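K.L.:
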Amino acid sequence: MLKRPRRNRKSQSIRNLVQETIVLPEHLIYPLFLLEQFNEKIEIASMPGIYRLGLNPILQEIEICMNLGIQSFIIFPVVDEMKKDQLASYGINKNNFYLNALKEIKQKFPECCLITDVAMDPYSSDGHDGYVENGKILNDKTLEILVEMALVQAETGVDYIGPSDMMDGRVLAIRQALDSNGFYETGILSYTAKYASGFYGPFRDALDSAPKFGDKKTYQMNPANANEALLEMELDISEGADILMVKPALSYLDIIYRLKSHSYLPIAAYNVSGEYAMIKSAGLKGWIDEIKVRDEVLLSIKRAGADMILSYFAKEWASDFKNKKS
Ligand code: PBG
Numbered sequence: 043m044l045k046r047p048r049r050n051r052k053s054q055s056i057r058n059l060v061q062e063t064i065v066l067p068e069h070l071i072y073p074l075f076l077l078e079q080f081n082e083k084i085e086i087a088s089m090p091g092i093y094r095l096g097l098n099p100i101l102q103e104i105e106i107c108m109n110l111g112i113q114s115f116i117i118f119p120v121v122d123e124m125k126k127d128q129l130a131s132y133g134i135n136k137n138n139f140y141l142n143a144l145k146e147i148k149q150k151f152p153e154c155c156l157i158t159d160v161a162m163d164p165y166s167s168d169g170h171d172g173y174v175e176n177g178k179i180l181n182d183k184t185l186e187i188l189v190e191m192a193l194v195q196a197e198t199g200v201d202y203i204g205p206s207d208m209m210d211g212r213v214l215a216i217r218q219a220l221d222s223n224g225f226y227e228t229g230i231l232s233y234t235a236k237y238a239s240g241f242y243g244p245f246r247d248a249l250d251s252a253p254k255f256g257d258k259k260t261y262q263m264n265p266a267n268a269n270e271a272l273l274e275m276e277l278d279i280s281e282g283a284d285i286l287m288v289k290p291a292l293s294y295l296d297i298i299y300r301l302k303s304h305s306y307l308p309i310a311a312y313n314v315s316g317e318y319a320m321i322k323s324a325g326l327k328g329w330i331d332e333i334k335v336r337d338e339v340l341l342s343i344k345r346a347g348a349d350m351i352l353s354y355f356a357k358e359w360a361s362d363f364k365n366k367k368s
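232 is the number that our numbering gives to position 190 of the sequence shown; each next residue is one higher, with no gaps.
(1) Using 8 Å for Cβ pairs, my map puts TYR312 next to LYS289. What's the rounded Cβ distance?
(2) Taking Cβ positions, are ILE36 and ILE134 nearer each other than 8 Å?
(3) Throw me the rounded Cβ distance for the ILE333 and ASP362 pair, which I believe falls under 8 Å.
(4) In the DSSP assignment, find the unbroken beta strand (DSSP E) run with SER368 in it and report its ends.
(5) My parser needs the alpha helix (DSSP H) runs of 4 or more residues fully inside the region 58-128; what are they?
(6) State yes or no: is the C-beta of GLN113 within less than 8 Å of the C-beta of CYS154?
(7) On the criterion of 16 or more Cβ atoms from any shown chain inside 10 Å, does GLN262 qualify as buried, or is it exposed?
(8) Does the contact criterion of 3 or more C-beta pairs under 8 Å hold for the region 241-254 versus the region 265-273?
(9) So for SER305, helix, strand or coil by DSSP?
(10) Kindly identify the DSSP beta-bridge partner or partners of GLY229.
(11) For the ligand PBG, I want to know if ARG246 counts as a neighbour, meaning its beta carbon is within less than 7 Å of at least one of the ligand's heavy atoms.
(12) Under 6 Å Cβ to Cβ from LEU295, same chain only, skipping five residues before and after it: list those, please.
(13) Could you tell me whether any Cβ in chain C is nearer than 8 Å to the Cβ of ILE351?
(14) With three or more beta-carbon pairs closer than 8 Å as the criterion, would you say the region 83-98 touches the region 159-174?
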């Protein structure tokens, strides 16, 4: 035998030497759920270890994460049902608690990378990402609302606007509005290939944002399609996106790989709530080794081509990573 691949697996030092993929804390983006009540902290039943947090505990959480090496955060607002309406008007209300919190976070941690969510569903009485009329999601009417939402968010000084709605033409509409209002430095992290997935269940619990009727299949993508992700990629690139995202991550590693191979823009992958819940719950039952599976999953997403990963595991992972090093 001339070739014995096992020689390169002989010891930990050799395995480290030939390791092709590595996850670092600075590759992770930690999603946080923001509550209006300043000091409140409520665990999400379907996501053990993940909380909805008021501004005060969120600032503490960000500080802890920054000390663990996590530098990037994406914030989602948990909006009271009373404030929701058909036009998602609370989302563009300049005094809403989400915008105030973004401003405070950015002031307190100017060095962190802060990402927003642009879509109607957290504020919509219909629970859809777009504007609903007679049971239909109207694309172009939605764009007007998304643009306004992006502008009030950009004003807070955040680094990236994150359109998660999957309307056609939204990256261009948002980019043009940002530029014509002087927000040249505000980037767009686009949910380029976002699939109509069953893996979002726990997130919708967290925000209480499940659609009140129907599903999201007329705007989110069919899980059967891969070429369509390349079409969405082409559009997002030409419309001015700065980062392209694939969501969910785990059942879509091939899509991450395709986007990485076909574009020069950085690729993000969203290790979504259902992926977290599956590993957490099986781990808590003792059916799998949670830490091993978690690390393997993050590594596989990175190996598939993601430059960065949005994950609810970020904090725990970074804490274990720090302990391993010291
Ligand atoms: C909606 C949105 C969703 C997620 C992020 N933004 C859910 C949905 O499309 O219904 C899901 C994230 C997760 O599951 O962790 N704009």
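C-beta: ideal position from N, C-alpha, C; glycine also.
Computed from a predicted model, the values in this text were never measured in an experiment.
P.N.:
According to the data block:
(1) Distance from TYR312 to LYS289 at the Cβ level is roughly 4 Å; contact confirmed, criterion being Cβ atoms closer than 8 Å.
(2) Only positions 43 to 368 of the chain appear in the structure, and residue 36 is not among them; the question remains open.
(3) Cβ-Cβ separation between ILE333 and ASP362: approximately 7 Å, consistent with a contact (criterion under 8 Å).
(4) No beta strand (DSSP E) contains SER368, which DSSP labels as neither H nor E.
(5) 97-109
(6) With a cutoff of 8 Å on beta-carbon distance, GLN113 and CYS154 are scored as near each other.
(7) buried
(8) no
(9) coil
(10) TYR202
(11) yes
(12) ALA346
(13) Checking the listed chains, one finds no chain C in this structure; it contains a single protein chain.
(14) no
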